[in-house]
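Under the numbering used here, think of the first position of the sequence shown as 906, with each following residue one higher.
Inspection log for the structure reproduced underneath, given as structure tokens.
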Amino acid sequence: MTGTADDLPLTADLARAARAFTKVSTRTIAESAGLTKKQVRSFEQGTIALPAADLARLKESLERYGALFIPEDETAGYGVRRRYSREKLLQLNAWEDEGGPPPQ
906 MTGTADDLPL
916 TADLARAARA
926 FTKVSTRTIA
936 ESAGLTKKQV
946 RSFEQGTIAL
956 PAADLARLKE
966 SLERYGALFI
976 PEDETAGYGV
986 RRRYSREKLL
996 QLNAWEDEGG
1006 PPPQ
């Protein structure tokens, strides 16, 4: 199965990995996605399923904070990585510490 990142369903392991890569708190991601902190934590732990609309908002929020979802292809499975290089990420974090919005 191959596809695009838009086709990639957000799973608990992808959400957990994306949040770890972006170094964003559960509270920040939850607020950005219009969810509670408990919903995000429970989803990441695999103890609850979220409705499609909530999953879409959660994925968009993770992407807004720098997660890049990678679809499965003929050589490798699906995954997630940082959208920005380490250098760019340090620069963005410095800007955000100065009160700037997250990158789009």
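Backbone N, C-alpha and C fix where the C-beta goes; we use that ideal spot for every residue, glycine too.
Inspect the beta-carbon positions of residue i and residue j and report whether they are closer than 8 Å.
i, j, result
"ASP959", "LEU940", "yes"
"LEU963", "LEU915", "yes"
"ALA923", "VAL985", "yes"
"LEU913", "TYR970", "no"
"SER966", "ALA925", "no"
Quick one: is residue i buried, meaning 16 or more other Cβ sit within 10 Å of its Cβ, or exposed?
i, result
"VAL981", "Before going further, note that residue 981 is Ala rather than Val in the sequence given. Classification of ALA981: exposed, given that the 10 Å Cβ count is below 16."
Can you look up residue i in the DSSP assignment and give me helix, strand or coil?
i, result
"ALA972", "strand"
"THR909", "Confidence in THR909 is poor, its pLDDT being 48 and thus under 50, which makes the residue's placement unreliable; the coordinate value appears in the next sentence. Note: THR909 maps to coil in three-state DSSP."
"VAL985", "strand"
"ASP978", "coil"
"VAL945", "helix"
"SER937", "helix"
"SER930", "coil"
Which value, in whole angstroms, describes the spacing of the CA atoms of residue i and residue j?
i, j, result
"THR907", "TYR989", "Here the model assigns THR907 a pLDDT of 48, short of 50, so the residue's position is not dependable, and the following value carries that caveat. Rounded to whole angstroms, THR907 to TYR989 spans 24 Å at the Cα level."
"GLU979", "GLN944", "34 Å"
"LEU955", "PHE948", "7 Å"
"ARG946", "ARG921", "9 Å"
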